[in-house]
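The sequence shown begins at 1 in the UniProt record's numbering and counts up one residue at a time. The beta-carbon is built from N, C-alpha and C at its ideal position, and this holds for glycine as well.
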Amino acid sequence: MTGPDDSPAPGGYPVPDKRRPPSPSVLVPAPAAERTDTAAHERITALVRLVSADRLREHVTALTAFHTRHTFSPNLAAAAEWLVGRFTAAGYGDAVKVPWTRSGHTADNVVCAKPGADGAGPVVLLCAHYDCRMADLADSVSRAPGADDNASGVAAVLEIAGILREVPLRHTVRFVAFSGEEQGLWGSAAYAAQLGLAGTHVHRLINLDMIGFRPPDGSITVERDLGNAVPGNDADSQAFGEIMARAAADHTTLPVRLGPIFASDYMPFEARGHVTIGAYEGEGNPHYHETSDDAHTLDYGYLAAVTRLTLATLLMLSLDEDEDEPAPPADASR
Ligand SMILES: [Zn+2]
1 MTGPDDSPAP GGYPVPDKRR PPSPSVLVPA PAAERTDTAA HERITALVRL VSADRLREHV
61 TALTAFHTRH TFSPNLAAAA EWLVGRFTAA GYGDAVKVPW TRSGHTADNV VCAKPGADGA
121 GPVVLLCAHY DCRMADLADS VSRAPGADDN ASGVAAVLEI AGILREVPLR HTVRFVAFSG
181 EEQGLWGSAA YAAQLGLAGT HVHRLINLDM IGFRPPDGSI TVERDLGNAV PGNDADSQAF
241 GEIMARAAAD HTTLPVRLGP IFASDYMPFE ARGHVTIGAY EGEGNPHYHE TSDDAHTLDY
301 GYLAAVTRLT LATLLMLSLD EDEDEPAPPA DASR
């Protein structure tokens, strides 16, 4: 018997092209203000302020120092080792390479987890691909820094993991860096299948792909699931996207566009029915898949803002507010 959780990975995805969304994004007004005098809001504000543009720049600079991170390049294994080292240094001794094989190629996803109060309950995934490419997808030897696509997303995942290390959360959060994205979501499709076989319940997923090149209007596009393989998860994705839009309004000055999920690593999870969203700067980076996509082209203030709103989204979803209650004073008489 084959159920939705042990079915094989959905067959091939096209080579992703982030310049061709299935529908345009739309600028939306900021959501109406809500109460901000709660302990949870104050806690989230304090944590979001810890995001460092300098650390993000340092992560991006280190990742772009690899000559290329093309999935078929020998450098990819070194980049995976570097990621394990960075997660370990951030306090994640469980950081591990999780291999996948496809079309004769074997590579690693890199995974670590921040345990939540729910223990073995549903997990939240925060993911970004660490591989990159040149204009010619078959070119695994030319210089390809892949700063915006997608050292920017990986840097944000590393920064958020570091900040969340000691923060009590309801859900377990898994941080995942995928390879094989540029070939057609190979690493994420394999990992989604592996989670299915393991019976892991994915509660929500946030994907970060290209979040460091500031668009002309300074906006962030919140990507939500509009149809795709499974219609039943769309409403929850759109509600989750509203949380991200609120996080942007509460914790950054970035205008918000709403757009569709497309051409990145959330798609194999969406196809398994999971609830996914993404953050994306939008089409228009002239350095896309070129040697010129280097660390100097990024706006680290913008990258820090997107990292802040992503962290705030995770905290609005999963902050363990019981742990957040201040202890009553010992001499309280009421
Ligand atoms: Zn990408």
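Tell me, please, whether the segment 32-40 touches the segment 278-291 by the rule of three or more beta-carbon pairs shorter than 8 Å.
no
In the DSSP assignment, the alpha helix (DSSP H) including E223 goes from what residue to what residue?
Unbroken run through E223 is the beta strand (DSSP E), 220-224; no alpha helix (DSSP H).
With N75 as the anchor, note down where its alpha helix (DSSP H) starts and where it stops.
Element bounds for N75: 75-89.
Check H70 in the structure and name its three-state DSSP category.
DSSP places H70 in coil when its eight states are reduced to three.
Pick helix, strand or coil for N285, following the three-state DSSP scheme.
coil
State buried or exposed for S23, treating a residue as buried only when at least 16 other CB atoms are found within 10 Å of its CB.
exposed
Pick helix, strand or coil for D149, following the three-state DSSP scheme.
helix
Please list the terminal residues of the continuous alpha helix (DSSP H) segment that includes L314.
300-318
Cβ-based neighbour list, W186, same chain, cut-off 7 Å, excluding 5 preceding and 5 following:
W100, R102, G180, listed in sequence order.
Among all residues, which have a Cβ less than 5 Å from at least one non-hydrogen atom of ligand 1, and in what chain order do they fall?
Any heavy atom of ligand 1 counts here; residues with a Cβ closer than 5 Å to one of them, in chain order, are D149, N150, D209.
Same chain, Cβ closer than 7 Å to H67, five either side skipped, listed in chain order:
N75, R143
Under the DSSP definition of a beta bridge, which residues are partnered with T101?
T106
D54 versus A304 - alpha carbon distance
9 Å
Report the CB separation of H70 from C132 in whole angstroms; it is logged as a contact under 8 Å.
6 Å
The alpha helix (DSSP H) enclosing P16, as first and last residue numbers
For P16, there is no enclosing alpha helix (DSSP H), as DSSP marks it with neither H nor E.
Give the C-beta separation of V28 and L258 to the nearest angstrom, bearing in mind that I take them to be a contact with Cβ-Cβ under 8 Å.
The distance from the Cβ of V28 to that of L258 is about 5 Å, consistent with a contact at the 8 Å cut-off.
Do you know how far the Cα of D136 is from the Cα of P14?
15 Å
Could you work out which residue in S140, P122, G93, W82 is closest to Y72 when comparing CA atoms only?
Looking at the sequence itself, residue 72 is Phe, so the reference to Tyr does not match. Out of S140, P122, G93, W82, S140 has the C-alpha closest to the C-alpha of F72.
Whole-angstrom distance between S52 and D331, CA atom to CA atom:
No answer about D331 holds up, because its pLDDT of 49 lies below 50 and its placement is not dependable.
What does the Cβ neighbour count give for V26, buried or exposed, with the cut at 16 atoms within 10 Å?
exposed
Just verifying my parser: in three-state terms, what is the DSSP assignment at A330?
At A330 the pLDDT is 46, less than 50, meaning the model places this residue with poor confidence; the figure from the coordinates comes in the next sentence. In the structure shown, A330 sits in coil (DSSP, three-state: anything other than H, G, I, E or B).
If I measure Cβ to Cβ from A117 and keep anything under 6 Å in the same chain, skipping five residues before and after, which residues do I get?
Hits under 6 Å: R170, D320.
Quick one, are the C-beta atoms of V173 and K97 less than 8 Å apart?
no
Short of 8 Å in beta carbon distance, which residues of its chain neighbour P215, apart from the five on each side in sequence? Order them along the chain.
E281, G282, G284
If we ignore side chains and look at the alpha-carbon of each, how far apart do I277 and L314 end up?
12 Å
Inter-residue spacing [alpha-carbon to alpha-carbon] between I163 and A95
Cα-Cα distance, rounded: 16 Å.
Delimiting residues of the beta strand (DSSP E) encompassing G187
No beta strand (DSSP E) holds G187; the alpha helix (DSSP H) holding it covers 186-198.
On the DSSP bridge assignment, give the partners of Y129 in chain order.
Residue 129 is actually His in this sequence, not Tyr. As DSSP reads the structure, H129 sits in a beta bridge with F178.
Between the Cα of A77 and those of F87, L63, A107, L50, spot the shortest distance and give me the residue it belongs to.
The candidate whose alpha carbon is nearest that of A77 is A107.
Name the DSSP beta bridge partners of Y280, please?
Answer is T221.
Return the Cβ separation of L317 and I243 in integer angstroms, given the expectation that the two are a contact with Cβ distance under 8 Å.
7 Å
Please report the distance separating the alpha-carbon of G119 from that of D299.
38 Å
DSSP beta-bridge partners for G241?
DSSP, once it has assigned bridges, lists no residue as partnering G241.
Which residue comes first and which comes last in the beta strand (DSSP E) that contains I206?
It spans 202-208 - the beta strand (DSSP E) in which I206 sits, taken as one unbroken run.
Backbone CA spacing between I211 and G199 [nearest angstrom]:
31 Å
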